[in-house]
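Protein chains in written order, with UniProt numbering: chain A, 1 to 240; chain B, 1 to 240.
First up is the structure itself, then whatever we jot down about it.
2 protein chains.
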Amino acid sequence: MATRTRRSQRRTEALSRERIVEAAVELLDATGEGGLTFRALTERLATGPGAIYWHVENKDELLGAATETVVAAALAVEPTGAPDSPAGAPDSPRDEIRAVALGLFEAIDEHPWLATQLATHLSRSPWGSVAPRIFESLGRRVRALGVPEGSWFVVTSALMHYILGAAGQNAANARAGGGGLDRDEFLDATAAAWEELDPDDYVFTRAVAYQMRGHDDREQFLAGIDLVLTGIAATHPPDA
Amino acid sequence: MATRTRRSQRRTEALSRERIVEAAVELLDATGEGGLTFRALTERLATGPGAIYWHVENKDELLGAATETVVAAALAVEPTGAPDSPAGAPDSPRDEIRAVALGLFEAIDEHPWLATQLATHLSRSPWGSVAPRIFESLGRRVRALGVPEGSWFVVTSALMHYILGAAGQNAANARAGGGGLDRDEFLDATAAAWEELDPDDYVFTRAVAYQMRGHDDREQFLAGIDLVLTGIAATHPPDA
DNA sequence: TCCATGCTGGAATGGCGTTCCAGTCATGTC
DNA sequence: GACATGACTGGAACGCCATTCCAGCATGGA
């Protein structure tokens with residue numbers, strides 16, 4: 001086995017599109033958006049640029065592949081059937097939507113570069129695999145919610161937009177603001193900055209700044225989801 | 001006059017931070033995200049890099065300034081008092097929120113680069129002037145809606161997240177997908193792509209693809225806003 | 001045995017953001 | 001009217017980036 005393996009491979013482990021994308025994700029996670037360079041990639045993979053370009057069209061495609069990989073992983077853990085639930089108590093569509101949303105939220109939280117990447121990727125090529133994947137996952141639950149067919153598209157889109165918008169903007173909050181600040185310091189600094197705004201132009205923002213300090217991102221994200229879900233339920237009563 | 005003007009200025013019109021930002025916005029509008037280079041900028045302003053760097057810290061700051069300028073302009077047109085309404089019929093907070101949202105939607109529609117820029121800018125530095133500006137504009141109406149103070153932050157954030165998320169993702173749809181396609185062709189291509197997805201994995205998406213074809217972005221965006229607003233009203237009844 | 005083909009990585013290219021610096025001009029001072 | 005000052009300019013250069021080119025390698029089939 002060892003012989004065959006060694007024979008069929010130039011290096012300890014052959015280069016492949018998978019290995020490249022995996023390394024790219026690791027690099028993005030470790031060093032952020034700007035940390036993914038072909039130099040760093042060739043170094044980490046102990047190879048040259050030509051080898052990478054043989055497996056991958058260009059950097060944009062590599063970023064797209066990284067995005068798709070991470071999103072797919074995030075949606076894969078979703079409790080489609082919830083086989084471990086107490087039996088006879090399947091999750092409601094509402095709970096499932098919350099779970100899917102939270103999965104995406106956490107994926108963006110773990111991979112902060114996803115926020116920007118999704119924004120460019122989704123609007124640039126909605127035919128890619130990532131938009132339909134998210135859309136499908138949410139849409140099935142929207143249908144289960146009892147929303148009439150004519151509104152499926154609108155409702156599912158709205159949900160997706162909220163989820164990606166909110167998760168994206170929260171992402172960097174969690175990871176501190178570029179400097180070495182931790183989350184509390186960062187929140188505190190932002191709240192302080194808000195409190196020093198012009199009292200005339202920013203009455204509301206100043207009045208609300210204190211709520212910024214101790215707030216829990218996840219909790220607030222879910223509260224937003226609930227707002228949208230409640231709106232959906234009110235607009236399309238399940239018994240209609 | 002001409003003499004004094006000519007005397008006090010090195011060139012026909014002196015370089016200034018304003019002029020630079022203005023040129024940057026024009027360049028971004030005309031040639032897209034990647035079109036803004038210092039080379040193109042120096043050419044358009046008939047100067048050298050050093051002159052630009054005297055007025056501006058670096059490219060990130062320039063992009064931030066461009067973003068702030070455009071957002072400020074978008075929020076400035078909002079009908080704060082609606083002085084031209086039939087008299088005695090002021091806009092409801094709900095209508096005003098719709099108007100503010102639509103203003104942002106159209107700004108992103110006119111300047112597609114705003115979508116990505118807002119995503120990076122907002123999450124990178126929430127203390128900048130753009131987040132508070134939007135937050136304030138929406139928050140005042142949320143308060144007028146009768147939402148209890150304890151929920152101001154959550155509700156306003158949710159609204160902002162939906163607006164920016166939805167507007168951002170719709171932006172590029174409107175401007176065709178990179179190629180020379182117009183809107184209808186683009187929508188059609190996307191719908192066709194969705195209809196060719198795996199029938200098992202994408203039941204919902206395939207079933208809904210046809211709704212993609214003729215849909216109106218603005219209308220759908222507003223429908224989403226209404227969903228959120230309805231959710232807000234249901235969660236916080238005005239008479240409570 | 002030898003060649004075709006899939007795959008590799010070092011060297012080179014052109015464009016980018018950014019820096020450096022020698023210079024220019026309006027202005028204040030005497 | 002001469003001169004020093006300091007805001008402001010723009011050409012040349014630097015280092016890093018994505019991308020391309022190509023001479024070579026290993027391997028499976030003839």
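Positions of the beta carbon are idealized from the N, C-alpha and C atoms, including for glycine.
Reducing DSSP to helix, strand and coil, say where residue i ends up.
{"i": "serine 125(A)", "result": "coil"}
{"i": "alanine 46(A)", "result": "coil"}
{"i": "threonine 31(B)", "result": "helix"}
{"i": "proline 93(B)", "result": "helix"}
{"i": "alanine 234(A)", "result": "helix"}
{"i": "glycine 178(A)", "result": "The predicted position of glycine 178(A) is uncertain, since its pLDDT is 49 and thus under 50; no value can be drawn from it."}
{"i": "serine 151(A)", "result": "helix"}
{"i": "aspartate 226(A)", "result": "helix"}
{"i": "leucine 197(B)", "result": "coil"}
{"i": "asparagine 58(B)", "result": "coil"}
{"i": "valine 77(A)", "result": "coil"}
{"i": "alanine 82(A)", "result": "Note on alanine 82(A): pLDDT 49, under 50, position unreliable in the model; the coordinate value appears next. Here alanine 82(A) sits in coil by DSSP."}
{"i": "aspartate 216(B)", "result": "coil"}
{"i": "serine 16(A)", "result": "coil"}
{"i": "glycine 146(B)", "result": "coil"}
{"i": "proline 132(A)", "result": "helix"}
{"i": "tyrosine 210(B)", "result": "helix"}
{"i": "residue 276(A)", "result": "Residue 276(A) is absent from the structure shown; chain A starts at 1 and stops at 240."}
{"i": "valine 36(B)", "result": "Note that residue 36(B) is leucine in the sequence shown here, rather than valine. Three-state DSSP puts leucine 36(B) in coil, outside helix and strand."}
{"i": "phenylalanine 221(A)", "result": "helix"}
{"i": "tyrosine 202(B)", "result": "coil"}
Please tell me whether residue i and residue j are closer than 7 Å, where the distance is taken between their beta carbons.
{"i": "valine 100(B)", "j": "serine 137(B)", "result": "yes"}
{"i": "valine 56(A)", "j": "leucine 62(A)", "result": "yes"}
{"i": "alanine 209(B)", "j": "alanine 191(B)", "result": "yes"}
{"i": "leucine 222(B)", "j": "arginine 94(B)", "result": "no"}
{"i": "arginine 213(B)", "j": "leucine 187(B)", "result": "yes"}
{"i": "leucine 36(B)", "j": "leucine 28(B)", "result": "yes"}
{"i": "alanine 30(A)", "j": "threonine 116(B)", "result": "no"}
{"i": "glutamate 96(B)", "j": "arginine 141(B)", "result": "yes"}
{"i": "arginine 44(B)", "j": "alanine 23(B)", "result": "yes"}
{"i": "isoleucine 163(B)", "j": "leucine 104(B)", "result": "yes"}
{"i": "glycine 165(B)", "j": "glycine 165(A)", "result": "yes"}
Along chain B, which residues have their Cβ under 8 Å away from the Cβ of residue i?
{"i": "glycine 139(A)", "result": "Phe204, Thr205, Val208"}
{"i": "tryptophan 152(A)", "result": "Phe204, Ala207, Val208, Gln211"}
{"i": "proline 49(A)", "result": "Correct list: empty, because the minimum Cβ distance to chain B is about 21 Å."}
Given a threshold of 16 other Cβ atoms within 10 Å of its Cβ, counted over all protein chains shown, does residue i qualify as buried or as exposed?
{"i": "glutamate 26(B)", "result": "exposed"}
{"i": "proline 148(B)", "result": "exposed"}
{"i": "glycine 139(B)", "result": "buried"}
{"i": "alanine 171(B)", "result": "buried"}
{"i": "glutamate 18(B)", "result": "exposed"}
{"i": "tryptophan 54(A)", "result": "exposed"}
{"i": "glycine 168(B)", "result": "buried"}
{"i": "glycine 224(B)", "result": "buried"}
{"i": "arginine 183(B)", "result": "exposed"}
{"i": "serine 123(B)", "result": "buried"}
{"i": "proline 199(B)", "result": "exposed"}
{"i": "valine 77(B)", "result": "exposed"}
{"i": "proline 112(A)", "result": "buried"}
{"i": "arginine 218(B)", "result": "exposed"}
For a contact defined as C-beta to C-beta under 9 Å, what are the partners of residue i on chain A?
{"i": "glycine 168(B)", "result": "Ala119, Leu122, Ser123, His161, Leu164, Gly165, Gly168"}
{"i": "leucine 102(B)", "result": "Chain A residues near leucine 102(B): none, gap ~15 Å exceeds 9 Å."}
What in chain A is Cβ-close to residue i, meaning under 8 Å?
{"i": "alanine 171(B)", "result": "Ser123"}
{"i": "valine 77(B)", "result": "Neighbours of valine 77(B) on chain A: none; closest Cβ ~16 Å, over 8 Å."}
{"i": "valine 155(B)", "result": "Leu227"}
Is residue i a contact residue of the ligand ADP, with contact defined as CB to any heavy atom under 6 Å?
{"i": "threonine 116(B)", "result": "Inclusion of the ligand ADP in the displayed structure is not the case, the ligand content being empty and no account of it being possible."}
If you compare alpha carbons, which of the options is closest to residue i?
{"i": "alanine 46(A)", "options": "Asp60(A), Gly32(A), Ile20(A)", "result": "Ile20(A)"}
{"i": "residue 249(B)", "options": "Glu33(B), Met160(B), Glu219(B), Arg143(B)", "result": "Residue 249(B) cannot be examined here, being either before or after the span of chain B that is shown, 1 to 240."}
{"i": "proline 237(B)", "options": "Pro237(A), His236(A), Leu227(A)", "result": "Leu227(A)"}
{"i": "leucine 145(B)", "options": "Asp217(B), Ile232(B), Ala73(B)", "result": "Ile232(B)"}
{"i": "tryptophan 152(B)", "options": "Ser125(A), Phe204(A), His121(A)", "result": "Phe204(A)"}
{"i": "alanine 107(B)", "options": "Ser92(B), Leu75(B), Ala234(B), Gln211(B)", "result": "Leu75(B)"}
{"i": "glutamate 68(B)", "options": "Leu41(B), Pro126(B), Ala51(B)", "result": "Pro126(B)"}
For a contact meaning CB atoms closer than 7 Å, what does residue i contact in chain B?
{"i": "alanine 73(A)", "result": "The premise fails here: alanine 73(A) is roughly 16 Å from chain B at the closest Cβ pair, so nothing lies under 7 Å."}
Starting from the beta carbon of residue i, find every residue of chain A whose beta carbon is closer than 7 Å, and list them in chain order.
{"i": "isoleucine 232(B)", "result": "Leu227"}
{"i": "phenylalanine 135(B)", "result": "Thr205"}
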